[in-house]
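A.B. asks: In our numbering, the protein residues as written are 92 to 352.
Handing you a structure now.
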């Protein structure tokens, strides 16, 4: 990819969020734009990214115009999910600059349903385009294995486009059936060091509430080369106290949320 023919890829992030993706995109030869709508560190980061092959760092959404791919790597909140107002801001600011044929990928750890229930309707409203028909929309999470990324889309075509994009920047991927599966894997991946029998049981409940079998998540992780997770269901009651850490904050069902608190 050279000169004006280089497709533009926008990476929305703040601070360290999205930095690695922006660098990899730039090194792959894309016209990489790192968009920080919060403007907190734009000057400092820009001073370090003035090389010809580095990403351009901007805080004006108009400078994202003409993008073909957008990666949403928004800041992560204390419950390990995307800070909701940060995600809303990113989607609302990018929407007006979308055109038919673009691809949008959420990369942040996300509560199940975020891609389809938060990102999709907002993008459609702001852009006037339809996901699947007019633009591709997907979710991707980094996994510890080979291939290094898990990908999903709101439809099969979106999933293939997401996988194709990561191939173009030198990353293999493993496809799963839908964004909810990949989002739930992001929970399992992030909380892997804390997994015990009680946590896995609660994660199984959360997966079931979202129409996903827990073993689907484990297969996605182990199929990508990650370590296997031993699913245990002990006969004894769970220990007293708060049984689940970050995971229960994302429980979508009020019934389950009440039971876990």
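Glycine included, C-beta positions come from ideal geometry on N, C-alpha and C.
Nearest by alpha-carbon distance to residue 270: which of 241, 260, 218 and 165 is it?
C.D. replies: As a position in the chain shown, residue 270 is number 179, starting the count at 1. For the residues 241, 260, 218 and 165, the minimum Cα distance to residue 270 belongs to 241.
A.B. asks: For the beta strand (DSSP E) containing residue 105, name the first residue and the last one.
C.D. replies: To locate residue 105, count along the chain shown from 1; it is residue 14. First-last for residue 105: undefined, no H or E at that position.
A.B. asks: Assuming residue 223 contacts residue 245 under a Cβ cut-off of 8 Å, what Cβ separation, rounded to an integer in Å, is found between them?
C.D. replies: Residue 223 sits at position 132 when you count from the first residue of the chain shown. Residue 245 sits at position 154 when you count from the first residue of the chain shown. About 6 Å; that satisfies the 8 Å criterion.
A.B. asks: Rounded to the nearest angstrom, what separates residue 100 and residue 257 at their Cα positions?
C.D. replies: Counting from 1 along the chain shown, the entry for residue 100 is found at position 9. Counting from 1 along the chain shown, the entry for residue 257 is found at position 166. So the two alpha carbons sit approximately 12 Å from each other.
A.B. asks: Just to confirm the assignment, what range does the beta strand (DSSP E) spanning residue 122 have?
C.D. replies: Taking the chain shown and counting its residues from 1, one reaches residue 122 at position 31. According to the DSSP assignment, residue 122 belongs to the beta strand (DSSP E) that extends over 122-126.
A.B. asks: Going by C-alpha to C-alpha distance, which of 210, 107 and 252 sits closest to residue 183?
C.D. replies: Numbered from 1 along the chain shown, position 92 holds the residue referred to as residue 183. Nearest option by C-alpha distance: 210.
A.B. asks: So what does DSSP say about residue 202, is it helix, strand or coil?
C.D. replies: In the chain shown, residue 202 corresponds to position 111, counting from 1. The answer is coil: DSSP assigns residue 202 none of H, G, I, E or B.
A.B. asks: Do you know how far the Cα of residue 292 is from the Cα of residue 152?
C.D. replies: Here the question's residue 152 lines up with position 61 in the chain shown. Here the question's residue 292 lines up with position 201 in the chain shown. Between residue 152 and residue 292, the C-alpha separation is close to 43 Å.
A.B. asks: Mind checking who residue 100 pairs with in its DSSP beta bridge?
C.D. replies: One-based indexing of the chain shown puts residue 100 at position 9. BP columns for residue 100 point to 123 and 160.
A.B. asks: Just the C-alpha distance for residue 319 and residue 154, rounded to the nearest angstrom, thanks.
C.D. replies: Position 228 of the chain shown, counted from the start, is the residue given in the question as residue 319. Position 63 of the chain shown, counted from the start, is the residue given in the question as residue 154. Interpretation of residue 319 is limited by its pLDDT of 35, a score under 50 that renders its predicted location unreliable; no figure is taken from the coordinates.
A.B. asks: My assumption, with CB atoms under 8 Å, is that residue 206 sits in contact with residue 194. Please give the rounded CB distance.
C.D. replies: Position 115 of the chain shown, counting from 1, holds the residue named residue 206. Position 103 of the chain shown, counting from 1, holds the residue named residue 194. Incorrect: roughly 13 Å between the Cβ atoms, too far for contact.
A.B. asks: According to DSSP, is residue 304 helix, strand or coil?
C.D. replies: The sequence position of residue 304 within the chain shown is 213, counting from 1. DSSP places residue 304 in coil when its eight states are reduced to three.
A.B. asks: What's the gap between the Cα of residue 159 and the Cα of residue 272?
C.D. replies: Stepping through the chain shown from its first residue, residue 159 is reached at position 68. Stepping through the chain shown from its first residue, residue 272 is reached at position 181. Distance between the alpha carbons of residue 159 and residue 272 is about 25 Å.
A.B. asks: Please state whether the Cβ-Cβ distance between residue 297 and residue 278 is less than 9 Å.
C.D. replies: The residue labelled residue 297 in the question sits at position 206 within the chain shown. The residue labelled residue 278 in the question sits at position 187 within the chain shown. Less than 9 Å separates the beta-carbon of residue 297 from that of residue 278.
A.B. asks: Sorted by chain position, which residues of the same chain lie with C-beta nearer than 6 Å to residue 134's C-beta, five sequence neighbours on each side aside?
C.D. replies: Here residue 134 is taken as the residue at index 43 of the chain shown, counted from 1. Below a pLDDT of 50, predicted positions are generally treated as unreliable, and residue 134, at 47, falls in that range; no measurement from the model is reported.
A.B. asks: Exposed or buried, which one is residue 175 when buried takes at least 16 other CB atoms within 10 Å?
C.D. replies: Here residue 175 refers to the residue found at position 84 when the chain shown is read from its first residue. Residue 175 should be labelled exposed.
A.B. asks: To the nearest angstrom, how far is the alpha carbon of residue 162 from that of residue 128?
C.D. replies: Looking up residue 162 in the chain shown gives position 71. Looking up residue 128 in the chain shown gives position 37. Near 14 Å, if we compare the C-alpha coordinates of residue 128 and residue 162.
A.B. asks: Rounding to the nearest angstrom, what Cα-Cα distance links residue 235 and residue 177 in this structure?
C.D. replies: Position 144 of the chain shown, counted from the first residue, corresponds to residue 235. Position 86 of the chain shown, counted from the first residue, corresponds to residue 177. Near 26 Å, if we compare the C-alpha coordinates of residue 177 and residue 235.
A.B. asks: Can you find a C-beta in chain B that's less than 9 Å from the C-beta of residue 122?
C.D. replies: The chain inventory of the structure shown lacks chain B, comprising one protein chain alone.
A.B. asks: Between the Cα of residue 208 and those of 301, 250 and 125, spot the shortest distance and give me the residue it belongs to.
C.D. replies: Mapped onto the chain shown, residue 208 falls at position 117. Of 301, 250 and 125, the residue nearest in Cα terms is 301.
A.B. asks: Using the Cα positions of residue 225 and residue 191, report the straight-line distance between them to the nearest angstrom.
C.D. replies: In the chain shown, residue 225 corresponds to position 134, counting from 1. In the chain shown, residue 191 corresponds to position 100, counting from 1. If you take the alpha carbons of residue 225 and residue 191, they lie about 5 Å apart.
A.B. asks: Which two residues bound the contiguous beta strand (DSSP E) that contains residue 231?
C.D. replies: Numbered from 1 along the chain shown, position 140 holds the residue referred to as residue 231. 227-233 is the span of the beta strand (DSSP E), which, as asked, contains residue 231.
A.B. asks: Cβ atoms of residue 116 and residue 146: under 9 Å apart, would you say?
C.D. replies: In the chain shown, residue 146 corresponds to position 55, counting from 1. In the chain shown, residue 116 corresponds to position 25, counting from 1. It is a contact, given that the beta carbons lie within the stated cut-off.
A.B. asks: What's the C-alpha gap between residue 311 and residue 102?
C.D. replies: Locating residue 311 in the chain shown gives position 220, where the first residue counts as 1. Locating residue 102 in the chain shown gives position 11, where the first residue counts as 1. For residue 311 and residue 102, the distance between alpha carbons rounds to 25 Å.
A.B. asks: At which residues does the beta strand (DSSP E) containing residue 80 begin and terminate?
C.D. replies: Residue 80 cannot be examined here, being either before or after the span of the chain that is shown, 92 to 352.
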